[in-house]
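> Before I ask anything, let me first share the structure, which is written out below as structure tokens.
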Amino acid sequence: MLMKRRTLISASLGLGALGALAWSRRDAGPAATAALARHEGSARAFGTTVTLTVLHPDAATARTAIDAALAEVKAVDALMSLRQDGSQLVRLNRDGVLDSPDARLVAVLQAGQELSRLTGGAFDLTVQPLWRAFEAAHDAGGLPDAATIAAARAQVGWQRLQVSPERVTLADAGMGVTVNGLAQGYAADLARAALVRHGIEHALLDTGEFATLGAKDGGRPWMLGVRDPRDAQAVAARLAMDGRALSTSGDYETVFSADFRHHHIFDPAVGDSPTELASVTVLAPTGLQADGLSTAFMVMGAERSLALAETLEGVDTLLIAKDGRRWASGGFPTAA
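Numbered according to mature numbering (1 follows the signal peptide of the UniProt record, and there is no 0), the sequence shown spans residues -22 to -1, 1 to 314.
This is the structure in structure tokens:
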């Protein structure tokens, strides 16, 4: 069985454009919250437990908001899951074409294509054939051979995915799309927007990626701990959330070899997992951006990732190498 581990440790337990990479910094602006009651909700989605914590004086308002936010998350999962037979993504991969796609799927696919252009192809929605090859070999007790990897890699290429509001098309038989590097962050964005629509000003959302509103009890910032990539019980960094979303990608999340050399993130240029970094944490204005960039930065490596992060407004990153070295962009808000 593939090993799946949570990426972050919760140390404390209006949105940008969701369909495009619009880089603008948000201000947290927390108000005092001492008089607010805590309300929680959870649901299963994306193969994990999604949790929401809301601070609000009225229990009925909080429950309505939580239910609406969780409904947004479950809707994204139902559309974009690779494990639910009726999902639009499964239909696209099966048929090679999807007519009248849901606008949310179109938004995520278009954002993925833009991220591919931004990262020179380091991020690629069409790496699903590589996943299939490694998963099949892992289930058989090994790793795919060079010929199998080459054949899978020949089916990878983001330029051969065509996306419009009317139709999504894969150019060649055998291609496949995964949005696992975007969907949970996008779901966090939609859930946060739902909370705002229902009057919630203070909340912590965990869809597998993290987003916050306002502040926690007493007006203090929401605090998160980034796990050590080699010790699930240890914290590599603590940070005070400032209104941006947070995502971590790591080589430990779904592994195909015990040494973390082969895992769920693939470099499209080589057809295997990148070799430098063990984990990448990204703060960005939206969950969609944070989710996608954390995946892309794993592929790009430390030097290229830091250089790109410095050009993107509202984006900061913490990178941890397999040998333990660390790099952080200038605005990454680590706490003592």
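Every residue, glycine too, gets a C-beta built ideally from N, C-alpha and C.
Helix, strand or coil: how does DSSP classify Q140 here?
As a first step, residue 140 must be located in the sequence shown, where it is residue number 162. It is a strand residue.
> Quick one: what's E291 bridged to in DSSP?
Taking the sequence shown and counting its residues from 1, one reaches residue 291 at position 313. BP columns for E291 are empty, so no partner.
> For the region 292 to 299 against the region 266 to 276, do three or more pairs of beta-carbon atoms, one drawn from each stretch, fall closer than 8 angstroms, so that the two count as touching?
Short answer: they touch.
> Can S78 and E179 be called in contact, C-beta distance under 8 angstroms?
Here the question's residue 78 lines up with position 100 in the sequence shown. Here the question's residue 179 lines up with position 201 in the sequence shown. No; because the gap between Cβ atoms is not below 8 angstroms, this pair is not in contact.
> Based on Cα-Cα distance, which residue from L202, Q88, K194, V51 lies nearest to L14?
Indexing the sequence shown from 1 puts residue 14 at position 36. Comparing Cα-Cα distances from L14 to each of L202, Q88, K194, V51, the minimum goes to K194.
> I'd like to know whether the C-beta atoms of L266 and A149 end up nearer to each other than 8 angstroms.
Looking up residue 266 in the sequence shown gives position 288. Looking up residue 149 in the sequence shown gives position 171. Not a contact, by the Cβ cut-off of 8 angstroms.
> Just reading off the beta strand (DSSP E) that H180 is part of, what are its end residues?
Position 202 of the sequence shown, counted from the first residue, corresponds to residue 180. It spans 180 to 184 - the beta strand (DSSP E) in which H180 sits, taken as one unbroken run.
> CA-CA distance, A130 and P107?
Within the sequence shown, the letter at position 152 stands for residue 130. Within the sequence shown, the letter at position 129 stands for residue 107. Rounded to the nearest angstrom, the two C-alpha atoms are 5 angstroms apart.
> So, T104 versus V146, is the Cβ gap smaller than 8 angstroms?
Along the sequence shown, one-based indexing puts residue 104 at 126. Along the sequence shown, one-based indexing puts residue 146 at 168. Going by C-beta atoms, T104 is not nearer than 8 angstroms to V146.
> Assuming G197 is part of the beta strand (DSSP E), what are its boundary residues?
Taking the sequence shown and counting its residues from 1, the one referred to as residue 197 is at position 219. Neither: G197 is in no beta strand (DSSP E) and is coded neither H nor E.
> Consult DSSP for L296 and reduce its assignment to one of helix, strand or coil.
Reading the sequence shown from its first residue, position 318 is the one you call residue 296. In the structure shown, L296 sits in a strand (DSSP, three-state: E or B).
> What is the DSSP secondary structure of D36, reduced to helix, strand or coil?
Taking the first residue of the sequence shown as position 1, residue 36 is located at position 58. It is coil, neither helix nor strand.
> Just tell me which of D269, F112, G196 has its CA closest to the CA of L33.
In the sequence shown, the residue the question calls residue 33 occupies position 55. Closest option to L33, Cα to Cα, is G196.
> Just how far apart, CA to CA, sit D237 and A189?
Taking the sequence shown and counting its residues from 1, one reaches residue 237 at position 259. Taking the sequence shown and counting its residues from 1, one reaches residue 189 at position 211. When rounded, the distance between both Cα atoms is 31 angstroms.
> Go through its chain and collect everything with a Cβ distance to P246's Cβ below 7 angstroms, but skip five positions before and after it.
In the sequence shown, counting from the first residue as 1, residue 246 sits at position 268. Excluding positions up to five away in sequence, the list reads G99, D102, V105, V134.
> Between the Cα of M201 and those of R208, R216, G192, P207, spot the shortest distance and give me the residue it belongs to.
Looking up residue 201 in the sequence shown gives position 223. If we check each option's Cα against that of M201, R216 comes out closest.
> Could you have a look at D229 and say whether DSSP puts it in helix, strand or coil?
Taking the first residue of the sequence shown as 1, we reach residue 229 at position 251. Correct three-state label for D229: coil.
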